[in-house]
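**Q** What follows is a single structure, and I will ask about it in a moment.
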Amino acid sequence: MRFPHLLITSALLLGLATTASAADAPLTSVSVYPTSVKLTTKRDRQSLIVQAHFANGLTRDVTGEAKFLLADAKAAKLAGHVLTPKADGKSELTVTFGGKTVKVPVEVEKAGDDRPVSFRLDVMPIFMKANCNTGSCHGSARGKDGFRLSLFGFDPAGDHYRLTRELPGRRINLAVPSSSLMMEKAVGVVPHTGGKQFDKDSEMYGTLDRWLKVGAPNDPGAVPAVTKVELFPNEAVLDGEGSTQQLNVLAHYADGTTRDVTSLAFFMTSNATSAEIEQTGTVTAHARGEAFVMARYETHTVGSQFIVLPKGLTFEDPKTPEVNFVDTFIHQKLRKLRIVPSEICADEIFLRRAYLDVTGVLPTPDEYWRFIRKTPAAETFLAAKTKARADALKAEAEKKVAAETAAKALAPAETALAAAQKLAASAKDEAGKKATAAAVKKATDAKAAVDKAAADATKAAEGALSARQAADAELALAKSGVEYSKLSGQVKRERLVDELLNRKEFVEMWVMKWAELLTIRTTQQVSYKPMLRYYNWLNERIANNVPIDVMCQELLGANGGTFANAATNYYQNETNTLKVSENVAQVFMGIRLQCT
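In this text, residue positions in the sequence shown follow my numbering: the first is 78, and each later residue adds one.
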């Protein structure tokens, strides 16, 4: 159900809010990310970030202010807030800030081993970091400028083939790695539609150079797959414009190892106006608002919630009542944003919103007054409609009797006419014929008058029936109006929404929306009958409240004939496999693959 206080709009951002700055509020806790460190092989490293939490809900990145102390310097080396391996063993890192202490266990394995450069572990992440294998670039189903990569790196074997053997000697140069087209385009030496991606002295350039110098090999055998990616911290509340927070991305592999992939992850933000993020993983606060910052590594995408508040703001929670479980989450979010919920809207506004949102139509005047009238007025209106219905019922009965009486007069008139016609047929002389002709005309006129009277009476009876049916509908609305007037505000609104959800307009509106998404149109080059069956299938699913996920499964997994299984028409509308993939991604996943 939808309720007015759940219709949160941008106007809420103008509500009362604020808290004192982090500097004025007591420090409640300190978090260190990651909570444990495991270093494997000598090239491994792990950066740490320290986040302070204050009593007013604000957070602050205090990595540069915290003190780090490594218990055993034999196992690892600490440079600022970055740990690197020295020798196999275990140690413990103590982090202190504002009187709070956090201990982080450190473990080092295979410190003397140097892992060779890996196509999947080292090279593929660079394409992700440089945004090369996204839908808007070479990851498009059609590729870009004659070169295609798998979307988000889902096909490493295919990507290796296309880089090294699809066009031998064009994309890579093993004799002179720096002259490889792949390298020259990435650093901007030659024209590149995607522009310059990194510098020659960058870590990514160095990794690609190492890989090319050893022959651009594919990985021998199986490579541990990434099982999970974590983004730290998972949430932050920043105090005013200019506040920053460094992110840390940790990848977990199937062999139990972990890896700091902050420098290889691709970062995005849903709202750069509030929280801007650099590809180094640093978030900078700007205007007040909320943003979800995301990190993508290999085929995994993880997110973190950031809230930016004006500096030096005060906020008092109004303790707004909650009437359903959705309100709990809404109010939690508003408290985080330091926003006071809007007042509950008037019944008139709610009525309009509910009708438009649920059915796509406005309420009629009668429906409006049914919902709005208070009890005394509703009861007075009911009394009037009850009397009107009684009058209509009485009029209907009278008109019905009149119609029946008029109908009874039809038979005698027909009999008289038949007798006159028979007499006229038996007349022999001119005088008899003339007399009987006059009798026939008189009988005919009499029957016509009776027919007209019967028709008028029948029409009047039908009108009375329609008037009585209209009175019935008005009386039902009036009775419903009295019931509505006696309900409390919230129950009254819930009942209205339930009624609207059961109306045919609700089904029609959502059938229309889905028909547009599924390209059910008369302009398609498909015969009428299967398209009609396709439309009826959709209408039946929505009318019977079939869950959307079940409906999508039936669509995407459909097989058989278009008559026997109407859902298969989804594939009849578009037979090109690439376009079908693009449509599925856009309609069901919200991702555009057709960018060129």
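Note that beta-carbon positions come from the ideal geometry of N, C-alpha and C, so glycine has one too.
Applying the criterion that 16 or more other CB atoms from any shown protein chain within 10 Å of the CB defines a buried residue, is N133 buried or exposed?
**A** Mapped onto the sequence shown, residue 133 falls at position 56. The residue is buried, with at least 16 neighbouring Cβ atoms inside 10 Å.
**Q** For the stretch 539-581, which segments carrying the alpha helix (DSSP H) assignment without a break, of at least 4 residues, lie completely within its bounds, in sequence order?
**A** 566-578
**Q** Going by DSSP, what residue range makes up the alpha helix (DSSP H) through N660?
**A** If you number the sequence shown from 1, residue 660 lands on position 583. Where N660 is concerned, the enclosing alpha helix (DSSP H) stretches over 654-661.
**Q** Please classify D278: is it buried, with 16 or more other beta-carbons within 10 angstroms of its beta-carbon, or exposed?
**A** Indexing the sequence shown from 1 puts residue 278 at position 201. When all chains shown are included, D278 counts as exposed.
**Q** On the criterion of 16 or more Cβ atoms from any shown chain inside 10 Å, does Y110 qualify as buried, or is it exposed?
**A** Against the sequence shown, residue 110 aligns to sequence position 33. Classification for Y110: buried.
**Q** Report the rounded CA-to-CA distance for N65 versus V584, giving the unit in angstroms.
**A** The shown model of the chain, from 78 to 673, leaves out residue 65, and the question about it has no answer.
**Q** So A313 packs on T136, CB below 8 angstroms; how close in whole Å?
**A** Residue numbering aside, residue 313 sits at position 236 when the sequence shown is read from its first letter. Residue numbering aside, residue 136 sits at position 59 when the sequence shown is read from its first letter. Contact flag correct, Cβ pair sits at about 5 angstroms.
**Q** Three-state secondary structure (DSSP) at D443?
**A** Numbered from its first residue, the sequence shown carries residue 443 at position 366. Three-state result, D443: helix.
**Q** Do S351 and A364 come within 7 angstroms of each other at the CB atom, strictly closer than that value?
**A** As a working mapping, residue 364 is identified with position 287 in the sequence shown. As a working mapping, residue 351 is identified with position 274 in the sequence shown. In contact: A364 and S351 (Cβ atoms closer than 7 angstroms).
**Q** By the three-class DSSP mapping on this structure, what secondary structure does Q123 have?
**A** The residue you call residue 123 lines up with position 46 of the sequence shown. DSSP places Q123 in strand when its eight states are reduced to three.
**Q** Looking at the strands, I want to know which residues DSSP matches up with S168.
**A** Taking the sequence shown and counting its residues from 1, one reaches residue 168 at position 91. The partner list for S168 (beta bridge, DSSP) reads V183.
**Q** Run through the DSSP bridge pairs and tell me what M371 is partnered with.
**A** To locate residue 371, count along the sequence shown from 1; it is residue 294. Beta-bridge pairing links M371 to M345, G380.
**Q** Please confirm whether S320 and A263 have their CB atoms less than 7 angstroms apart.
**A** Reading the sequence shown from its first residue, position 243 is the one you call residue 320. Reading the sequence shown from its first residue, position 186 is the one you call residue 263. No. Outside cutoff.
**Q** By how many angstroms is the C-alpha of T652 removed from the C-alpha of S604?
**A** Mapped onto the sequence shown, residue 604 falls at position 527. Mapped onto the sequence shown, residue 652 falls at position 575. S604 and T652: Cα-Cα distance of roughly 15 angstroms.
**Q** Going by beta-carbon coordinates alone, are E456 and V559 separated by less than 7 angstroms?
**A** Taking the sequence shown and counting its residues from 1, the one referred to as residue 456 is at position 379. Taking the sequence shown and counting its residues from 1, the one referred to as residue 559 is at position 482. Cβ atoms of E456 and V559: closer than 7 angstroms.
**Q** Taking contact to mean at least 3 C-beta pairs separated by less than 8 angstroms, is the stretch 201-217 in contact with the stretch 228-239?
**A** yes
**Q** May I ask you to verify whether the stretch 522-532 touches the stretch 546-564, counting CB pairs closer than 8 angstroms and requiring at least 3?
**A** no
**Q** Alpha carbon to alpha carbon, how far is V435 from E425? Give it in angstroms, no decimals.
**A** As a working note, residue 425 is residue 348 in the sequence shown. As a working note, residue 435 is residue 358 in the sequence shown. Each residue's alpha carbon lies about 16 angstroms from the other.
**Q** Distance check for S543 and A508, CA to CA, integer angstroms please.
**A** What you label residue 508 is simply residue 431 of the sequence shown in a count that begins at 1. What you label residue 543 is simply residue 466 of the sequence shown in a count that begins at 1. Looking at the two C-alpha atoms, the distance is approximately 53 angstroms.
**Q** Tell me where the beta strand (DSSP E) around K305 begins and ends.
**A** Stepping through the sequence shown from its first residue, residue 305 is reached at position 228. Note, K305: beta strand (DSSP E), 303-309.
**Q** Which residue or residues does DSSP assign as beta-bridge partners of P162?
**A** Locating residue 162 in the sequence shown gives position 85, where the first residue counts as 1. Bridge partners of P162: A153.
**Q** May I ask you to report which of helix, strand or coil DSSP gives H130?
**A** Position 53 of the sequence shown, counting from 1, holds the residue named residue 130. Looking at H130 - three-state DSSP - the assignment turns out to be strand.
**Q** CB-CB under 6 angstroms to L146, same chain, minus the five flanking residues each way: which ones, in chain order?
**A** Reading the sequence shown from its first residue, position 69 is the one you call residue 146. If the five residues before and after L146 are omitted, its C-beta is found closer than 6 angstroms to the C-beta atoms of T171, all from its own chain and listed in chain order.
**Q** How far does the beta strand (DSSP E) with A102 in it extend, from its first residue to its last?
**A** Residue numbering aside, residue 102 sits at position 25 when the sequence shown is read from its first letter. Neither: A102 is in no beta strand (DSSP E) and is coded neither H nor E.
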